[in-house]
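In what follows, a single structure is set out as structure tokens and then discussed.
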Amino acid sequence: MKFCSHCSAPLTFKIPAGEDRERFVCERCGTIHYQNPRIIAGCLPLWEGKILLCRRAIEPRYGFWTLPAGFMELGETLDQAAIRETREEACAEVESHGLYTVYSLPHVNQVHIFFRAELIDGRFAPGPESLETRLFEETEIPWDELAFSTVRRTLESFLEDKSRDRFEVKVGDLLPSPVMRQNPTPC
Ligand code: ZN
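First residue of the sequence shown? That's 4 in our numbering, and the numbers climb one at a time after it.
Here it is, written out as structure tokens:
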């Protein structure tokens, strides 16, 4: 962040009076430009017991498989964001079956949140951000080609919960592995 979005003056990075950490401050109009984590909302969509995954047509992780998910927009609720992202990336209409996983990723300043969901009519197709969309049986999940660790953890939790027939909300943190520190792709 270099210039004030209110008055276009150059910004200073400093600790504002009464605060405890550095912020981007506009010396001309006095605006403090707060930066906060971003929320990524998505779905784990099912149809006839199979899991719908999307192969990414965009970076990061082009060509890898993911659950449909993306940045929450202003003015929408969390489950609206998850449902919208599923519509955009997989052209699928889903009904939410409730919050499922919540992961904090402080190293990339993100929170990833997934809902369990069911396709309404079984229809899906790749949206502009997907190369391919496909239903996977449990045994077919492409574990070595998953885009993000939060997707992996959500799928692992789901299969474990499914085997016990008891689904519980999971809340956790995902910190960078040594490999990810060398190559800082998001999560
Ligand atoms: Zn300003």
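Glycine is no exception: its CB is placed at the ideal position from the N, C-alpha and C atoms.
Alpha-carbon to alpha-carbon, H115 and L14: Counting from 1 along the sequence shown, the entry for residue 14 is found at position 11. Counting from 1 along the sequence shown, the entry for residue 115 is found at position 112. Rounded to the nearest angstrom, the two C-alpha atoms are 30 Å apart.
Do you know offhand how far P128's Cα is from L49's? By 1-based counting over the sequence shown, the position of residue 128 is 125. By 1-based counting over the sequence shown, the position of residue 49 is 46. Per the sequence shown, residue 128 should be read as Ala rather than Pro. Straight-line Cα distance between these residues: approximately 14 Å.
Under the DSSP definition of a beta bridge, which residues are partnered with C57? As a first step, residue 57 must be located in the sequence shown, where it is residue number 54. According to DSSP, C57 bridges with T69 and T136.
Quick one: residues in its chain with C-beta nearer than 8 Å to the C-beta of I18, no 5 flanking neighbours on either side, listed in chain order? In the sequence shown, counting from the first residue as 1, residue 18 sits at position 15. Around I18: R24, E25 and R26.
Cut-off 7 Å between Cβ atoms - residues of its own chain near F139, not counting five sequence neighbours on either side: Your numbering for residue 139 matches position 136 in the sequence shown. Only K53, I54 and L56 meet the Cβ criterion.
What residue range does the alpha helix (DSSP H) around L158 cover? Position 155 of the sequence shown holds residue 158. Unbroken alpha helix (DSSP H) run through L158: S152 to R167.
What's the gap between the Cα of E33 and the Cα of N39? Indexing the sequence shown from 1 puts residue 33 at position 30. Indexing the sequence shown from 1 puts residue 39 at position 36. Here residue 33 is Gly; the residue named in the question, Glu, does not match the sequence. The alpha-carbon atoms of G33 and N39 are separated by roughly 19 Å.
Excluding the five sequence neighbours on either side, which residues of its own chain have a C-beta within less than 6 Å of the C-beta of S99, listed in chain order? Numbered from 1 along the sequence shown, position 96 holds the residue referred to as residue 99. Excluding sequence neighbours, S99 sits near D82, F118 and A120.
Residues near A84 in its chain [Cβ-Cβ closer than 7 Å; skip 5 each side]: Within the sequence shown, the letter at position 81 stands for residue 84. Around A84: A44, M75 and E76.
May I ask you to check if the CB of T34 is nearer than 6 Å to at least one heavy atom of the ligand ZN? One-based indexing of the sequence shown puts residue 34 at position 31. Under cutoff, so the answer is yes.
Looking only at DSSP bridge pairs, what is G45 linked to? Within the sequence shown, residue 45 is the residue found at index 42, counting from 1. Looking at the DSSP assignment, G45 forms a beta bridge with A72 and F117.
To which residues of the same chain is K5 closer than 7 Å at the C-beta, ignoring the five residues directly before and after it? Taking the first residue of the sequence shown as 1, we reach residue 5 at position 2. Correct list, in chain order: P13 and L14.
Am I right that D124 and E141 are in contact with their C-beta atoms under 8 Å? What's the rounded C-beta distance? Your numbering for residue 124 matches position 121 in the sequence shown. Your numbering for residue 141 matches position 138 in the sequence shown. D124 to E141, Cβ: 23 Å. No contact.
On the DSSP bridge assignment, give the partners of V28 in chain order. Here residue 28 refers to the residue found at position 25 when the sequence shown is read from its first residue. Answer is T15 and I35.
Buried or exposed, going by whether 16 or more other CB atoms sit within 10 Å of the CB of R58? As a working note, residue 58 is residue 55 in the sequence shown. Counting Cβ neighbours within 10 Å, R58 comes out buried, since at least 16 surround it.
Nonlocal neighbours in the same chain, by C-beta distance under 6 Å from G73, ignoring five residues either side: Along the sequence shown, one-based indexing puts residue 73 at 70. The residues are E88.
I believe L149 touches G66 by the beta-carbon criterion, under 8 Å. Please report the beta-carbon distance rounded to the nearest angstrom. Here residue 149 is taken as the residue at index 146 of the sequence shown, counted from 1. Here residue 66 is taken as the residue at index 63 of the sequence shown, counted from 1. Not really, about 11 Å apart at Cβ, beyond 8 Å.
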